[in-house]
Every structure is written in C-alpha cells, then in structure tokens.
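Enquirer: Protein chains in written order, with my numbering: chain G, 988 to 1992; chain X, 9 to 520.
The structure follows.
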Amino acid sequence: MKKLMFLFCFIFSVTSVFSQQNAITGNVTEASTGEPIPGVSVIIKGTTSGTITDFDGNYTIKAANTDVLVFSFVGLSSKEVAVSNRTVINVQLEESTELVDEVVVVGYGQLKVKDLTSSISTVNSDELQKTPAGQAMQALQGKVAGMQVVSSGAPGDSPTIRVRGIGSYPGSNNEAPLYVVDGMFFDNIDFLNTSDIASISVLKDASAAAIYGVRAANGVVLIETKSGKTNQKSEITYDGYYGMQVAQNVLKMANAEQFTTMAMESGSQTAIDNIYKAMQRYGRSRINPNVPDVNTDWYDEIMRVAPIQNHSLSVAGGSDKATYSLGTSYFGQEGILDMKNEYERFNLRSKVDFKATDWFTIGGNMIFSNATKYSQESSAWSMAYWAVPIMPVYDELNTDAWPTKYASAEHIGYRGGQNPFAAIDYNNRRMKIRKVLANFYAKVDVIPEKLSFKTSYNHNFTSLNNRDVALPYFISTNFKRVDATLTKRSETYSNQIWDNVLTYDDSYGKHKWTVMAGTSYRDEAYDMLTAQGVNFPVDQEEAWYISQSDLANIPTTAVRDGGSRQYGISYFSRISYNFNDRYLVYGTMRADGSSKYQEKWGYFPTVGAGWVVSEENFMEEIDVIDFLKVRASWGRLGNDKIQASDGASTTNVVTTSLGDILYSGTTTASTFSSLKWEVTEETNVGLSSRLFNSRLSVEADYYIRDTENAAIRVKIPSTGSSVLRNVGVIRNSGFELALNWNDEITKDLSYSIGANISTLKNEVRDLYGQPYIDGGSAEFRQRSMVGEPLMAFFGYEVAGVYQNEEQIQADPVAVANNLVPGDFIYRDQNGDNQINDDDRVVLGSYFPNFMYGANLGLNYKNFEFSASLVGQSGNKILNRKRGEVIWTPDLNMDADLAVNRWHGEGTTNSYPSSAALRKGWNQKLSSFFVEDGSFWRIQNIQLAYNLNGKDFFGTKILNTKITFTADRPLTVFNYNGFNPEVANGIDRQTYPIPATYTIGLNVKF
Amino acid sequence: MKLRKYTIKMVALGAVLFGASACHDLLDEPKENTSFTEETDYTKTEDMILPLIGAYAEFNSRGWEDFPLMSVRGDDVNAGGLGDQQDFAEMDKFNYNKDFWMYNSTWQNLYADIFDTHSAMEQIELYKEFASNTAKADQYIAEAKVLRGWLLLQLSRVWGDVFITTSSDPSDLLVLDVASKDEVMQHLSDQMDEALPYLPALRPNERVDIPGGVTKYTALAIKALANQELKNYQGVADATSQIISSGKFSLEADFYNLFKIPGKLSSENLLELQASDFGQSSGDMVYYEFAALGPQGWSPKVKGADGGWGFYEPSLKWIKFMLDRGEETRLETSVLFTDRGIAEIKKDPKYTSLPAWISNTTPSGDVINDFSRAMFSSGKHYLPSDQLTPGRTRYGSNKNMIAIRYAEILLMHAEALVQGASSSAMTADAAVNTVRARAGLSNLSGVTLEQVMDEKFAELGMEWGIRYSDMVRLGKYDELSYEGRSFSEKLTFLPYPQNQVDLLPNLGAAQK
C-alpha cells in the first residue's frame, strides 16, 4: 500500500530541476508530535521549482547554496530555511495559530477574514458531516446566527432556509437564498452529498452579498466543493454511516372512547347515529359497552422505523502543478411513512486544476448527481389525523372492496371513506432527478501575482422525470378510483453562466488593495411536457407507459407543456483597501440586466469600513484582547426570484361542451402584473474579536434590512384571484451574537463551547397607501398591515368560554348571537358591545423573534464528544388541522382537544364544547387556533473514537474513526401538533421529523 | 516573445469582454409560453368566436356551492347534509354567517365570470373593427351580455344591492358604489333590450354554430325575470308574450326525462349549463357537480355508480303540499325518497297511507338507502345510473343543469296577468293549464294569484331559489317561516362576505 501511495505522489509531483546544483535531502516532522509529515511542499524561494515530501516525510531537492527553501503545509506555519552550504536540512513545522490569515470566499474571489467588513459565517465539512441527512443545509440548523433552517422530514425534500427573516412576500420560493456552488447559481443544493462539500459560507449582510446583485436579497450561501491542494499527498477517504429514523413527538389523537364522548356531546344526531352504526358493524367494547369495539391509532398504523445510510469514497491530492479531487457517494433514505417513500442518490464528482504554464491555469469541475425519489402521499398524514378511531384498518365485512378489504367510514355513516391506506397503497410517485454541474475555467496571470484574468463557464443541466401513478381500487361507493391514471411529466433546466473577472492585487508601503471587475452573462432555459394516460395494465410496472394505456381516450386537456427562458447580463466590480492593517475600506457595485421584468436594469452598490482597533498602539497594553475589529456596511440588493411578470394582458385557452361537442375558446385576463425590481437595502454594524489568547471569539452584528417595492400578491376584488404588485416596504432587523470558547487543558483533554443567539423583528413599514393587504385563504386570514409582521394571522381573540346561562343573559353579545354555555367569548377590542369584523386583531406571526443554538465539544485522548442544541421562540402556528372542522365535522380531533373540551361549568375557560366546535361562531379564525410555536431541541449528539495507528492483530490500523450519532433525539414544545417546524406557519399535513440514530465509520489512507 | 504573449492575452481579454456585452438585446425577450393579448391578430375574424366560447366555458363551469347557496332558503327545500357545513344549514334557517366560505366563494364565482363576459365583449369589439360581417360581432357581444345578465341577476337575488360592473377590470369596483337591487334589475332589463336586436330568433337547440347558445328568447326570459323582481308585471307580460307568440317553445312531454339525458337541449329549455362526457367511457369530460345534491347512500342499478353528498333535501312541507294536490308525475320526478323519509311522512296522521308508487326505488330502478344526513334528495338533479355512459361513474355526469325553461315562462306570464298586466299572447288560464296538463292535472279556470303561485311551487320546486324569490317579492314571509323557522324582511339578503368587505371598503359602508 505504501508503495502505491508513493507511486501516486510520484505521478502527481511533476518536478523539473535542471540547473547544476547540490542535492539536498532532509526530513520534515510535526513539532508537537514528532511524526513525519508527508506531502509538505518544499520550494526554492522566488521560483516555482520544488518537490514534496514522501510518505515518511523525506525529500530530495537540488538547490544552490544561496537559495532559501520554503516548507509549507496546510494548517501548519510555513518555514523558510537558507541552504547555506548544507546538504541535509531537517525541519520541524509548527501548528499555525495565526487564524487571522484564514481566507474566506466572497464571490468572484476571496478575502482574508481579517479584512472583512461584512458579516459572513462559514461552516466546514467536519461540522457538516456530523448530521446524518440527505441535504447538507440541514446540518446548518442552529449553527449560523440569523439563519433559520426549517427541516423537512420527507426523504429528498430540502429544508426551508431563511437568512435574516424574509424580505419578500412568500410565494414561489422567492424567499430562499441564492446558492452558489463553485460559481454556479442554484435554487437549492439538494443534489449535493454532504461529503462533496468542503465549506458552506453564508453571506448574511448586504455588503457581503451585493456582489451577487440581483439574486442576493435573501442572502447568499456559497458552497465550495472539495478540491485537492497543491503538493498534497493523495488521500483516500471512506466515510459512511447507517442508521434508523424513528418518529418523535407523535401526536396523540382522540381514542375511540374520547371520540365517542365528543360525538355524544355534539348535539348532532348524525354524529350520534354514526357511533351506533359503528357499534352495529364492529360490536361494542367489552370494557366500555357504550363505545364501539374498535380503537384505531392511525398514526401508529401508517408509520414505520426507516433506515438511512450514506457511503462516500474520495481521493484528493496534488502536485505543484496540478490538484485533483474525485469522489463518489451513495445516499439512501426511506421515509417513516409506510409506503413506497424513499430517496436514493448516487453522485460522482471530479475537480482538477492544472497550471499549464507559469501564467496560465486551467481547471474543470464536474458533478453528476442521479437521484430517484418516491414521494410520499402527503394527504396520508392529514387523513391519519382526521380518520375516526372507531373504524378499523381492515374490514372483513367489506366484501365488495378490492384489491384489499380496507374499511370505509362511509359504511358507518360518514361522508368520506377516510381510511388513509387508500392514499398510501394506491399511489406511486416516482421522480428521477438527474443533475450535471459542469464548470470550466481558464486563468491568465497578466502581470504575475498582481493582475489576473479569469474566465469561467458554468452549466447546470437538470432533468426531472416524474411518473405519477394512481391505481384503481374500490373500498366503498364514494371511496374508489375507477380509472387508473398515469401522469408523466418531463422537465429540463439548462442554466448557463459565463463569468469574466479581472483581479488586481497590489500594495505600496502601508497601502494594500485588491480591485476586481467583471462581467457575467446568464441564460436560464426551462422546458416541460406533461401528458396523462388512463387504463393501462396496472399490475405490471413495466407497462406503466402512456403508450400502453387506452389511447382512444387520452384526455386532451391533460396534455400540457410549458417553458421559460430568461437572460441576465451583469457588470460588477469590487475594491478592497487596507491601510496599515488598521483601516479597511470596501466597496462593490453591480449592474444587473434581466429579461424577467419590464424594468430591465438594476444597480446594486455597497460600501463597508472596518477599524482594527487592536492594531492601534493604545491597545497594546490590553493583553486580554488579541484582536478587535469594528465594522459597518451598507448595501443594496435585488431579488429576481419573484415570478416573471407578464407585463401585458394575456389570453388563455379554455374548453367546454356545447351540444355534446368539445369547443375551445379563449379568456382574456384584464389584470396583469408589471413589476419593477424588488430592492433591499441593508445596514449592518458589527464587531469581531478574539480574547484570552484567542480562546474566546466573539462575533456580533446588528442589522436593518428594508425591502422596497416588495412584490406583494394583491387580491383582485370579487374574483378570488390575485396579482403581484410592487406595493410594500418590509423591514427585518435583528441582533446576532456568536461566542466560541476553545481551550486545551492538557495535551489529552481539550474542549470547546459555543453559543449563538439572534433576534428578528419583521415589520411591514409601508403599503403604498393601503391600510392592509390580505393574504392566506378567506377562512384562515393572514393580513399584512403597516407596523405588523408580514402575513400575520388575523382574527378574534378568545377571552374565555361562556360557563353558564347567567353569564349568557348578562352579555348582550351572547344574547344577540344566540350563544350557549361552551361557546367562546371573544374580546370586544373596540368596546362597542358587539363582536364584529372590527374586533379582529393580529394574532401573531410565523416568524420566530428569537433563535438560539449552542454546542459543546470535548476531546479526550482518542474520544471526541459533541452535542448541539437549537431553539426558537415567538413564532405562532396556525393549527389548521383543528381549524378545518369548518369544512366538515365528520373527523377525528387530537386528544388534547377532546380531553380538555368544555363540558360543564368550570371545566375549562379556553376550550369550546363539542357542540360549539361545530358552530360557525366558534369556527372564526381566533387565538384558539393560533398556537405558540416555540421549541428547543437537542439537535445532535455524537461520540467518536479514533483508532489512529493502533495495532490490531499485528497490523497497523489506518486513520480510522468510529462514530455514534443521535440526531434530533429530543424536541420539547407545547404546540398541539406533530412537529413545531412548520415553514409557513400553517400546519395542515406536516411530515413528522424523525430522530435518527446512526453508526458511522471514517477511514483515511 | 514577451510582447506576443501579452498581445495574445489582451486580444483574448478584449474579445471576451466585448462578447459578453453583445447580448444586451436578449433582455428584451418576452415571457415564454404566453399568448399576449396585444399580439392577437384581430383581422383573423374567424377567431372572433373564441372569446365568446370562453365566456360560455366560464358560464358552464359553476362551483358546486353556487346553486345550493342561491336556492336553499326557500320552503321547497332544506339544507340536508345534517351535521356537516353547519353554516349552510344555519343559512337555511336564516342565521347568517358572513365569514362562511360558501358566501365568499359564490360571490367570487359569479363576479369572476361576469368580468370574463366583459372581457369577451371587449375582445369581440376589437375583432369587429376588421369584420366584414359586423352583425356577427354584434350578435356575439349580445350573447355575452345575456350570460352576464343571468349571472348578475343571481347575484342580486342573493345579496340585493350589488355592483353593476362596467368593464373587465375588477379594480373598477374599488371606486364603485353598490347599486340598489331595483337599479340592478332595471339595468338588466335595459341590457337585454340592448342585446335583443342582434340575437337570432331561434330556439337555443336550433342553433348550429353554438348548440344550446343564447338566443333572443333567452334575453327576453332574463328581461322578464328582471321585471318580475321589479314588480313591473306589464314588463313581464310583454317579454313572456314574445316568447310564447314565437311558437318556438313547447313543454317536454316526459317531465321525468326532461331532467335526464333525453332532456338535454330540449325544446322546453331557454338556457342550460351544458355538460358532456362526449359519449366516451373515459377521457375529456365537462360536468356539473350534481353530487352535492344527490343522496349519500344508494344501491344503484348499475353497480359502481357514485353516490352524492346529501346537501339538498326537498322539504316535508313541499312533499305534503304535493301529496295534498294528488300530484304524481312532478312529485315522483322531484323527490328521491328513503325509507326513513317515508316513515317521517307517515308520522303525520294525515299521511299514514301513501300511494304505492312512493318508495325508495326510483322509476329507473335505483334504490336510495337511508342515510342520516337527509331524508330525501332532489330528483330533478338526479341522473339514473342506467343513463350514465358505460365506464363513467361520476354522479350526474353528462347531464345538463337547466337554468331557464319554458314552464317558468308560462307561469311568470300567468302571474303577471293575474297581477293586472295584459297580453294577447295567451291567457293566464291557458298558461297554467298547459303546465298542469303535462303534470296530468285537470284544467282550472279563472286562476287566482294563489293558484298560480301554488302551480309555480309545484312545477319549479328545488329550482334556482325561484320559490324563495317569489315569496320575498310577494311578502309572504309566513310561508318561509316553516318547520320552526322564523323569517322577516331584514333577512331577505345575505350579508356581504367578510372577505369582500375587507377588500372593498364601499361594500362595508353599504352593509352598515
């Protein structure tokens, strides 16, 4: 193996030494451990000739006596040694403590962390890999102050990400940040395996993000995929885990007894009759003969423990001319919903950079991702919530049913069949997702080390093939599917970006500057074709093709296509200036042209300044502070995620029947959108500091972000439709603080503690003259009002429950509305002694106003332990599962509601009676349905054991680490639902978020 | 050597930078997959019919909630659906909840289509400029006007004072005040007068270009309805006289099948919401959602046919009224009985023995089972399972929803005459007796207002809230105060939907 390794090193270490010089040999070791370091770059200063150390840390180089050798290795301080007539030079390298020299990618280049004037948070691959998840962004939950990650439990689905609140009216994913993967723009990064990623940087403030101009308003997330490093020995890494997902916090539903009690108290003869019908059909319970002898826990029936696994293999290394990183990975996850619900992804990647001449570098990067997702049938979750517990899963009496004898609630008098197994068994939804990201660049050093030009071309090609199969079944008269239907949908995205960047880097005396200017051209094309077939051979999956279906009867209206094409042209520039490492000035400017809107061009400037206080002479006395920088920035950003505006009236084709003939006609909408750029302006002030010998680091920021011309969906009166108009100003402001403490107590024992908090205030500042704009549905109103959060829940405030007849008689409101004990008392906000629409108030917002995260790390000898915690508070959730009683009261309810119902004077002052629940008066959107969404959670606990160089049965074990992980093992909240993570605050059918327990292995050789 | 290297670099750089900026005109590319109205070729006048077809398409596709909301408050029908959609049942009892979704939804469904008819008129107007045959354009505009008239008539019957739209732009409503119900009805009458000269003097089923489309007589019918609401009985008599005198219309002999497949585009119908499965066992289908009105439990003769939801229950009052009159044809056609319902009738000592034909088996052989939501279902909105196209199972699919039929014209005519109007087209007696004859009833002579209204009750029960409008118009609130209900004048109209009040401040002001 060692020889093989050496061969690798040899192949990639292209050395070119021709001059007549002495051969110098030596050995490089690490100062702290004395271990030899392979792959150290040894270069003759001022030239490009050099070599790297072999597996045992040895090197040979030819150099003149006057030369100086430079030894460098990532993570260690470089060392320069003069040859001075020696032929053997042994060197010890020390660990680099100069964190200030860290660089961070900033978009079209990189900057030193100490030169930043803006707010950027970076998470590296070690941290990402702790979270067993298909989507890398999931690993960022609680890690970055100011960034909200709302998990999705469904396999293959991306979490919802919000950077510093939302500045854009929620709609078609227009609140999501921009993802830039090695220069290419993406809407999400769910195609990447966590192991493909070297680092994720979140550009939080406008100053950092503005270089991405039009796409940057919701924050920018930069992803660097793994690459090799120059003069690095090849490293082969296997990383993998296998584990199980277990549903957590399963909501307790009313059981048969509680449900029966609710029905009996409902005052509805139909509801009572249905209980008796259930008794007739399924018998009476022997324990309580007034309850049917069925007690189905539907959630229990539809869930399972599901496996999750990931395996990745990668090779990385480099010589002084070329670097490379190649890898392959497999990720597989099954859903906890007991149906064909899974996600599998196979990835290949390669990244190669090659220095062709001393002034010309060329490189290519290719990622291929091939995934198959079997989507859940999400309605199963709501059906399990609503299905009555007095019905079994299977019903042998239901002899007409096929292919399975499932029970139907219709047989016991309810309108629908309710059984969630119809949705689970008779749907098959497959999506094949194939993505290719190809990226090539050429870089020319016009003036060596000073002026360089880079042109890069990125192409992201995505193909989505969707096959939705609905299989026929019969359970009861109105709970059946006669025609099997097959819907196919093919979509392709072909997005291209061509960037040209000129960078000038120079210094003069105490002045240092970097100037960058560039252009970017974007072309985004989308195509879609969909068609539907009916009545194909349902039993053979290989026949699930439209061509195999009843061709004479393909619904013509189900054949559709679609497409879009958008172009963008941008010019941008950046200046970063540093005087004496004390005073920092920063500025960028971007001009963006887009074909998407009627207003074609937008201009996005930013400025920033920093003062490194700790470099000042007067600070030398203060030993505690190692580094202190205060910074401020201002910038403007655009958001072009808003759906393209028509800009003019459009005509649509409609069909109808006249005299049994299918006619096509047209309708013309007179209302259309004509949009300007949504512009975000942000001011950020902050400080970065390291104290106590760099053991404590502090990052604090305060920001105010205003979105002007916010495109808000305005309802068109009397038609039920809506249109986007630039009619608002939305402000997000908040404070962020991140603290990290690292210490090494002994050589064997070190620890770290970190915490971050962030606040968020979301506020509508202006609606261009309108008092409010309504959103949400008419029955579950969300209203945006000046001075209140965007899309706040809007309704009545429950002040209590009428307890007795005297109370009713004493209250004119109760008398006027024919109320009875058990009905809600609403607060008369304006004191006019009646309850009407003027008494509606803001009931809360779905944005958390406080988020926090904390982590702890402990290293003891070969053990590593880490734990992290996240939480949020201040957000509200509309418990729409409860609220949907307005459509039909035929359904089950959660146990909390059934147990705590009002059922006599003094029983409760906050829950309605069973009869009240069915009355319109109590079904108005009120504070009863809007609940506190606060939660905290133990996000991740990991224990790892390193088997570094241990002997095992006589052989030396490779660099091996075994990990045990519990991801999201405990969540604590009061909300009456499955899961407090509801992205838009409306809980209808949320996928429960499982806890994941895994065992993992990491081997390097 | 060095110079050459620089030159190469600079030329490459220049080419790249120039290349990038050469694509600026791409920014002006329009949105894909969109037909911009401004790009419509209005000289292609054969396309002039497309906007009109579009208007018919919107008219034909009604939300299921529209009809029950318009109709349920009469004493001919109850909410049914007991224990579900409680505020629908409350509305039946005149307890209104403006937050209830059906109010808002129906309001929106009707107004959205009204704006579509405006839009069609505006588009046809643009074609008209280039049309060699402007009469065609005028006819199409007149047709859209009539469709709009019917929609606005329904809105005003339910909500009273509503907006009179003037263009396809809904934002007009923001500055508009609501018009009183009388203003709306006068407006409709005038609109129909405007449309009349351009419409063909045909029966809808005689039309070839648009089978079942609007004709002169549809416009006259809507004019009559509007004048009836205005209590301008001479206006009613004049409009109905023209329809009657045309001799185009006749009552369908088979009353039962008028409401089934054979009754599609019958010579009795002046306006229908058309549906079809095009005779195919699967594939395209345009349907009216009759399921809402059908029985929740049944054993259809043709196995596998879908049942209904049980939201529309003929009232005991109406059934007993029909039994008292000795009606068979119309009662059997209008009501689907269940055993439970029959037992409920028999509980009244007056009706302990019922005719043998009253059973839970329909004349077509479908068996209606007991279900707790309702005791009866609507027969006029029921399609026998053996009339479904084989392969189709949706309740009532392929059946048209009749909006205006000749029997209503005859009875409006008769009422107008007994209210004092005059006409030479037909006497009140003759009009009433024509309707009675089909129902197998003997002739009356010297009909009174009460007899005409009873005839209307019997003939048009369960149809479009006709009964409710009649009772409100005639101030017969005691009739509406039946089976425990208590009606008064202030309950005539539904409150405006809260969602619309929030969007349209003028509506809120009008409500107060």
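For each residue, glycine too, the CB sits at the ideal point set by N, CA and C.
These numbers come from a predicted model, not from an experiment.
CA-CA distance, residue 1372/G and residue 1671/G?
Expert: Each residue's alpha carbon lies about 45 Å from the other.
Enquirer: Alpha carbon to alpha carbon, how far is residue 504/X from residue 105/X? Give it in angstroms, no decimals.
Expert: Taking the straight line joining both Cα atoms gives about 10 Å.
Enquirer: Beta-carbon within less than 8 Å of residue 590/X's beta-carbon, same chain only, minus the 5 sequence neighbours each way: which residues are those?
Expert: It is not possible to answer for residue 590/X, since the shown part of chain X is limited to 9 through 520.
Enquirer: Assuming residue 332/X is part of the alpha helix (DSSP H), what are its boundary residues?
Expert: Here the alpha helix (DSSP H) through residue 332/X covers 324-332.
Enquirer: Could you tell me which of 1116/G, 1321/G, 1691/G, 1713/G sits nearest to residue 1701/G, measuring between CA atoms?
Expert: Comparing Cα-Cα distances from residue 1701/G to each of 1116/G, 1321/G, 1691/G, 1713/G, the minimum goes to 1713/G.
Enquirer: Can you tell me where the alpha helix (DSSP H) with residue 1611/G in it begins and where it stops?
Expert: Note, residue 1611/G: premise wrong, no alpha helix (DSSP H); not H, not E.
Enquirer: Going along the chain, which residues of the segment 396-412 of chain X sit with their C-beta nearer than 7 Å to a C-beta in chain G?
Expert: Of all residues in the segment 396-412 of chain X, 401 have a Cβ within less than 7 Å of some Cβ in chain G.
Enquirer: At the 7 Å Cβ level, is residue 1530/G part of the contact set with chain X, yes or no?
Expert: No, residue 1530/G lies away from the interface with chain X (no Cβ there is under 7 Å from its Cβ).
Enquirer: In three-state terms, what does DSSP make of residue 306/X?
Expert: DSSP places residue 306/X in strand when its eight states are reduced to three.
Enquirer: Beta carbons nearer than 7 Å to chain G: which residues of the segment 472-489 of chain X have them?
Expert: Here the close residues number zero.
Enquirer: Starting from residue 1564/G, trace the beta strand (DSSP E) in both directions and tell me its first and last residue.
Expert: Segment 1547-1566, the beta strand (DSSP E) holding residue 1564/G.
Enquirer: For residue 1549/G, which residues in the same chain have their Cβ closer than 6 Å to its Cβ, ignoring the five residues on either side in sequence?
Expert: 1515, listed in sequence order.
Enquirer: Which residues, taken in chain order from the segment 1751-1784 of chain G, show a beta carbon closer than 7 Å to some beta carbon of chain X?
Expert: Those would be 1761, 1765, 1766, in chain order.
Enquirer: Would you report the Cα separation of residue 1875/G and residue 414/X, rounded to the nearest angstrom?
Expert: Spanning the two alpha carbons is a distance of roughly 38 Å.
Enquirer: Count the other CB atoms within 10 Å of the CB of residue 487/X; is the residue buried (16 or more) or exposed (fewer)?
Expert: Buried: at least 16 other Cβ atoms inside 10 Å.
Enquirer: Can you tell me the Cβ-Cβ gap for residue 1056/G and residue 1076/G, rounded? I've got them flagged as a contact below 8 Å.
Expert: At roughly 7 Å, the Cβ-Cβ gap stays under 8 Å, so residue 1056/G and residue 1076/G are in contact.
Enquirer: Which same chain residues end up closer than 6 Å to residue 1839/G when comparing Cβ atoms and leaving out the 5 residues on each side of it in sequence?
Expert: These residues qualify, in order along the chain: 1744, 1858.
Enquirer: What residues in the segment 59-73 of chain X bring their beta carbon closer than 9 Å to a beta carbon of chain G?
Expert: Answer in chain order: 59, 60, 61, 62, 63, 64, 65, 66, 67, 68, 69.
Enquirer: Give, in chain order, every residue of the segment 1552-1584 of chain G whose Cβ lies closer than 7 Å to some Cβ of chain X.
Expert: Listed by position along the chain: 1552, 1554, 1556, 1580, 1581, 1582.
Enquirer: Around the C-beta of residue 1677/G, are 16 or more other C-beta atoms found within 10 angstroms, so that it is buried, or is it exposed?
Expert: Burial call: buried.
Enquirer: If we ignore side chains and look at the alpha-carbon of each, how far apart do residue 57/X and residue 1156/G end up?
Expert: If I take the Cα positions, the gap works out to 39 Å.
Enquirer: What does the Cβ neighbour count give for residue 1604/G, buried or exposed, with the cut at 16 atoms within 10 Å?
Expert: So residue 1604/G counts as exposed.
Enquirer: Hey, does residue 517/X have any beta-carbon neighbour from chain G nearer than 7 Å?
Expert: Answer no: the Cβ-Cβ gap between residue 517/X and chain G never drops below 7 Å.
Enquirer: Run through the DSSP bridge pairs and tell me what residue 1440/G is partnered with.
Expert: For residue 1440/G, which the question treats as bridged, DSSP gives the partners 1431/G, 1489/G.
Enquirer: Report the residue from 1208/G, 1144/G, 1013/G, 1054/G whose alpha carbon sits nearest the alpha carbon of residue 1110/G.
Expert: Residue 1208/G is the option with its Cα nearest to residue 1110/G.
Enquirer: Can you tell me whether residue 1850/G is buried or exposed, with buried defined as 16 or more other CB within 10 angstroms of its CB?
Expert: Exposed, by the Cβ-count rule.
Enquirer: Among the candidates 1066/G, 1054/G, 1031/G, 1103/G, whose CA atom is the shortest distance from the CA of residue 1568/G?
Expert: Taking only the C-alpha atoms, the option nearest residue 1568/G is 1103/G.
Enquirer: With DSSP as the reference, identify every bridge partner of residue 1588/G, one or two as the case may be.
Expert: 1580/G, per the DSSP bridge assignment.
Enquirer: Should residue 1492/G be flagged as near chain X, meaning a C-beta pair shorter than 7 Å?
Expert: For residue 1492/G, the answer is no, since every Cβ of chain X falls outside 7 Å of its Cβ.
Enquirer: Report buried or exposed for residue 1693/G, applying the criterion of at least 16 other Cβ atoms within 10 angstroms of its Cβ.
Expert: Classification for residue 1693/G: buried.
Enquirer: Below 8 Å on the Cβ atoms is my guess for residue 418/X versus residue 443/X; work out the distance and round it to an integer in Å.
Expert: About 6 Å separates the two Cβ atoms, so the contact holds.
Enquirer: For residue 1496/G, decide whether its Cβ has a neighbour in chain X, counting only Cβ atoms nearer than 7 Å.
Expert: Chain X, which has no Cβ nearer than 7 Å to the Cβ of residue 1496/G, makes this no.
Enquirer: Taking residue 1643/G as the reference, which of 295/X, 471/X, 166/X, 512/X has the closest Cα?
Expert: Cα-wise, what sits closest to residue 1643/G is 295/X.
Enquirer: Which ranges does the alpha helix (DSSP H) cover as unbroken runs of at least 4 residues, wholly within the segment 39-93 of chain X, from first to last along the chain?
Expert: Those alpha helix (DSSP H) runs which fall completely within the segment 39-93 of chain X and span 4+ residues are 57-68, 74-79.
Enquirer: Under the rule that 16 or more other beta-carbon atoms within 10 Å means buried, what is residue 1648/G, buried or exposed?
Expert: It counts as exposed.
Enquirer: From residue 1773/G to residue 113/X, what distance separates their C-alpha atoms?
Expert: Looking at the two C-alpha atoms, the distance is approximately 28 Å.
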